[in-house]
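> Heads up: take any position in the sequence shown, counting from 1, add 562, and you land on my numbering. All C-beta atoms, glycine included, are put in the ideal place defined by N, C-alpha and C.
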Amino acid sequence: MDQPSSRTPLNDQVTVTVSRAIPADTSAFRAWVESWLLDALGVLTGPRLDPFANGLDLKGRASVLRRPGVPYGEPGELWGTLWVSPAYKPGKSTKLSRQVWTPQNWDAFLGRLDEVPAKAWVSLGRLASNGFPGSEHWAASVVRDVDAPDFGTLTVRASSREFTDPATSRDVQRRWLDFLDRRLRADPEILFGSLADDGEDADRTELEVALGLFPDDTLPGLDSVLRGYSWVTVCSAGVTRRLGGAESLAESPAFARVVPLSGGGVLLQATDDIREYGPDRVAAVFDRLRPALPPGTPSPAYMDRVPRIVFEAP
Numbered sequence: 563m564d565q566p567s568s569r570t571p572l573n574d575q576v577t578v579t580v581s582r583a584i585p586a587d588t589s590a591f592r593a594w595v596e597s598w599l600l601d602a603l604g605v606l607t608g609p610r611l612d613p614f615a616n617g618l619d620l621k622g623r624a625s626v627l628r629r630p631g632v633p634y635g636e637p638g639e640l641w642g643t644l645w646v647s648p649a650y651k652p653g654k655s656t657k658l659s660r661q662v663w664t665p666q667n668w669d670a671f672l673g674r675l676d677e678v679p680a681k682a683w684v685s686l687g688r689l690a691s692n693g694f695p696g697s698e699h700w701a702a703s704v705v706r707d708v709d710a711p712d713f714g715t716l717t718v719r720a721s722s723r724e725f726t727d728p729a730t731s732r733d734v735q736r737r738w739l740d741f742l743d744r745r746l747r748a749d750p751e752i753l754f755g756s757l758a759d760d761g762e763d764a765d766r767t768e769l770e771v772a773l774g775l776f777p778d779d780t781l782p783g784l785d786s787v788l789r790g791y792s793w794v795t796v797c798s799a800g801v802t803r804r805l806g807g808a809e810s811l812a813e814s815p816a817f818a819r820v821v822p823l824s825g826g827g828v829l830l831q832a833t834d835d836i837r838e839y840g841p842d843r844v845a846a847v848f849d850r851l852r853p854a855l856p857p858g859t860p861s862p863a864y865m866d867r868v869p870r871i872v873f874e875a876p
């Protein structure tokens, strides 16, 4: 039974992320991203934002994207947008494409993954009272950093509404945890992952923001250094060795669940319930993961959310 007074308030968004070197050829890249997107759309959107169950087809509505100030539709309607940012080429400008969700546009969106874009994402949401996308949102993406293009990060980001609602919280946490477990089993090349309610955006962890780091600073070193730490943290094989190995981590009181991975890494879950991941547990995770964290003292400047990091050097 939930005890609201003992729960840690969550930030507005929850994000699940994995990072790795991108697959070597275009067909493998597309298969990697497409598998992530289809799995996420199938199990993480929830019944109110599921585009397939709701038969979403916004054909004829694309013109609103070119008309600033014009509402997208009626309040409460489901809205979906598909975005692709082409791979960066020195000396050449790139144009971000944006389309409304239709079955045909979805197929075209998946086809463009063969181009190995710099970023591609799908966003879903319910229109607010003003007819524009509101706080009830969901997005899944792949990002290749412009300065570290050989690495890719897959992300699903959503409102924490279902995580905070006592009627849905435990079920939605289990679905997101199962999703991450499944993706890790399917892809032993993953070097870092997290499930958290912090972070500035889909591209940077909260620790990177607080240290003034960017993905190109951390991605190339993921076999020995973490991008950050959170409620759930996925460590590479090299990081796991640096931390003393899976057995040593399993003995630590900082983690409620430790899962060895086929690639030699480990998944670390701090508490059984994300709403129990408060300051004391954050400090315990920080203390155990100190040897694999980037150097430097994090700064809390410009943070408009409840921090899930310790503001001291490792």
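#1: Can you tell me which of the three DSSP states SER567 falls into?
#2: Please classify PRO555: does DSSP put it in a helix, a strand, or coil?
#3: Give a yes or no on whether the C-beta atoms belonging to ARG804 and ALA854 are separated by under 8 Å.
#4: Rounded to the nearest angstrom, what separates ARG850 and LEU620 at their Cα positions?
#5: Just mark GLN735 as buried or exposed, buried being the case when its beta carbon has 16 or more other beta carbons within 10 Å.
#6: How big is the Cα-Cα spacing for PRO609 and GLY806?
#7: Looking only at its chain, what residues have a beta carbon closer than 8 Å to the beta carbon of ALA624, apart from the 5 residues adjacent to it on each side?
#8: Could you check the C-alpha separation between ARG745 and ALA702 for me, to the nearest Å?
#9: Opposite TRP641 in the DSSP bridges: which residues?
#10: Say whether the segment 830-839 touches the segment 778-793, bearing in mind that this needs 3 or more beta-carbon pairs closer than 8 Å, one atom from each stretch.
#11: Rank ALA816, LEU769, ASP779, ARG852 by C-alpha distance to the C-alpha of PRO860 and give the top, closest one.
#12: So if DSSP puts SER647 in a beta bridge, which residue, or which two residues, is it bridged to?
#13: Between ARG628, GLU677, PHE694, LEU618, which has its C-alpha nearest ASN667's C-alpha?
#14: Do you know whose CA, among ILE871, ASP587, LYS654, ARG719, lies nearest VAL684's CA?
#15: If we count Cβ pairs, one from each stretch, closer than 8 Å, do we get three or more for the segment 682-698 versus the segment 645-659?
#16: Taking the alpha carbon of ALA748 as the reference point, which residue from ASP587, THR588, GLN575, ASP601 has its own alpha carbon closest?
#17: Between which two residues does the alpha helix (DSSP H) carrying GLY800 extend?
#18: Taking ILE752 as the reference, give the member of GLU724, ASP785, PRO695 with the closest Cα.
#19: Could you check which residue in ARG870, VAL708, ARG674 has the C-alpha nearest to that of PRO520?
#20: Assign GLY783 to one of three DSSP states: helix, strand, or coil.
#21: Using C-beta distances below 6 Å, list every residue in its chain close to TRP598, excluding the 5 sequence neighbours before and after it, in chain order.
#22: How many Å lie between MET563 and ALA845 at the Cα?
#23: Can you give me the Cβ contacts of THR780 inside the same chain, cut-off strictly under 7 Å, excluding the 5 residues immediately before and after it?
#24: Could you tell me the alpha carbon to alpha carbon distance between SER567 and ASP727, rounded to whole angstroms?
#25: With a Cβ-Cβ cutoff of 8 Å, do VAL868 and PRO571 count as a contact?
#26: Between the beta-carbon of SER581 and the beta-carbon of PHE776, is there less than 8 Å?
#27: Can you name the residues that DSSP bridges to GLY755?
#28: Checking 8 Å against the spacing of the C-beta atoms, do THR588 and ASP676 come in under that value?
#29: Can you look up GLY696 in the DSSP assignment and give me helix, strand or coil?
#30: Rounded to a whole number of angstroms, what is the C-alpha to C-alpha distance between GLU698 and PRO665?
#31: Is DSSP giving ALA615 helix, strand or coil here?
From the atom records:
#1: As a first step, residue 567 must be located in the sequence shown, where it is residue number 5. Confidence at SER567 is low in this model, with a pLDDT of 46, below 50, so the placement of that residue should be treated as unreliable; the coordinate-derived value is given next. In the structure shown, SER567 sits in a helix (DSSP, three-state: H, G or I).
#2: Lying before the first or after the last residue shown, residue 555 is absent from the chain, which here runs from 563 to 876.
#3: Numbered from 1 along the sequence shown, position 242 holds the residue referred to as residue 804. Numbered from 1 along the sequence shown, position 292 holds the residue referred to as residue 854. Contact flag set, yes.
#4: Translated into positions along the sequence shown, residue 850 becomes position 288. Translated into positions along the sequence shown, residue 620 becomes position 58. Annotation: ARG850 to LEU620 spans about 49 Å, alpha carbon to alpha carbon.
#5: Taking the first residue of the sequence shown as position 1, residue 735 is located at position 173. Looking at its Cβ environment, which holds 16 or more other Cβ atoms inside 10 Å, GLN735 is buried.
#6: Indexing the sequence shown from 1 puts residue 609 at position 47. Indexing the sequence shown from 1 puts residue 806 at position 244. So the two alpha carbons sit approximately 42 Å from each other.
#7: Along the sequence shown, one-based indexing puts residue 624 at 62. Residues GLN661, VAL662 of the same chain have their beta carbon placed closer than 8 Å to that of ALA624, with the five preceding and five following residues left out of the count.
#8: Within the sequence shown, the letter at position 183 stands for residue 745. Within the sequence shown, the letter at position 140 stands for residue 702. ARG745 and ALA702: Cα-Cα distance of roughly 14 Å.
#9: Within the sequence shown, residue 641 is the residue found at index 79, counting from 1. Per DSSP, GLY687.
#10: These segments touch.
#11: Counting from 1 along the sequence shown, the entry for residue 860 is found at position 298. Minimum Cα distance to PRO860 is reached at LEU769.
#12: The count along the sequence shown starts at 1 and reaches residue 647 at position 85. In the DSSP output, where bridge partners are listed per residue, SER647 has LYS681.
#13: What you label residue 667 is simply residue 105 of the sequence shown in a count that begins at 1. Nearest to ASN667 by alpha-carbon distance, out of ARG628, GLU677, PHE694, LEU618, is LEU618.
#14: On the sequence shown, residue 684 is found 122 positions in, with the first residue counted as 1. With distances taken between Cα atoms, VAL684 lies closest to ARG719.
#15: Three or more beta-carbon pairs separated by less than 8 Å link the segment 682-698 to the segment 645-659, which places the two stretches in contact.
#16: Taking the first residue of the sequence shown as position 1, residue 748 is located at position 186. Nearest Cα to ALA748 within the set ASP587, THR588, GLN575, ASP601: ASP601.
#17: Locating residue 800 in the sequence shown gives position 238, where the first residue counts as 1. 799-804 is the extent of the alpha helix (DSSP H) around GLY800.
#18: In the sequence shown, counting from the first residue as 1, residue 752 sits at position 190. Here the closest residue by C-alpha is ASP785.
#19: Here the chain comprises residues numbered 563 to 876, so residue 520 is not present and cannot be evaluated.
#20: Translated into positions along the sequence shown, residue 783 becomes position 221. Residue state for GLY783 is assigned as helix, using DSSP reduced to three classes.
#21: Along the sequence shown, read from residue 1 onward, the residue named residue 598 stands at position 36. The residues are LEU716.
#22: The residue you call residue 563 lines up with position 1 of the sequence shown. The residue you call residue 845 lines up with position 283 of the sequence shown. Here the model assigns MET563 a pLDDT of 44, short of 50, so the residue's position is not dependable, and the following value carries that caveat. Taking the straight line joining both Cα atoms gives about 26 Å.
#23: Numbered from its first residue, the sequence shown carries residue 780 at position 218. Excluding residues up to 5 positions away in sequence, GLU770, VAL787, ARG789, PRO856 lie with their Cβ nearer than 7 Å to the Cβ of THR780 in the same chain.
#24: Here residue 567 refers to the residue found at position 5 when the sequence shown is read from its first residue. Here residue 727 refers to the residue found at position 165 when the sequence shown is read from its first residue. Note that SER567 scores 46 on pLDDT, short of 50, meaning its location in the model is unreliable; the coordinates nonetheless yield the value given after this. Taking the straight line from one Cα to the other gives about 13 Å.
#25: Numbered from its first residue, the sequence shown carries residue 868 at position 306. Numbered from its first residue, the sequence shown carries residue 571 at position 9. For VAL868 and PRO571, yes; Cβs fall inside 8 Å.
#26: By 1-based counting over the sequence shown, the position of residue 581 is 19. By 1-based counting over the sequence shown, the position of residue 776 is 214. Against a cut-off of 8 Å, the Cβ pair of PHE776 and SER581 comes out as no contact.
#27: Counted from its first residue, the sequence shown places residue 755 at position 193. Bridge partners of GLY755: VAL580, VAL796.
#28: Walking along the sequence shown from the start, residue 588 turns up at place 26. Walking along the sequence shown from the start, residue 676 turns up at place 114. Yes, Cβ-Cβ distance for THR588 and ASP676 is below 8 Å.
#29: For the purposes of this step, residue 696 is identified with residue 134 of the sequence shown, where counting begins at 1. Correct three-state label for GLY696: strand.
#30: Position 136 of the sequence shown, counted from the start, is the residue given in the question as residue 698. Position 103 of the sequence shown, counted from the start, is the residue given in the question as residue 665. Going from the Cα of GLU698 to the Cα of PRO665 covers about 22 Å.
#31: The residue you call residue 615 lines up with position 53 of the sequence shown. Under the three-state reduction of DSSP, ALA615 is assigned to coil, being neither helix nor strand.
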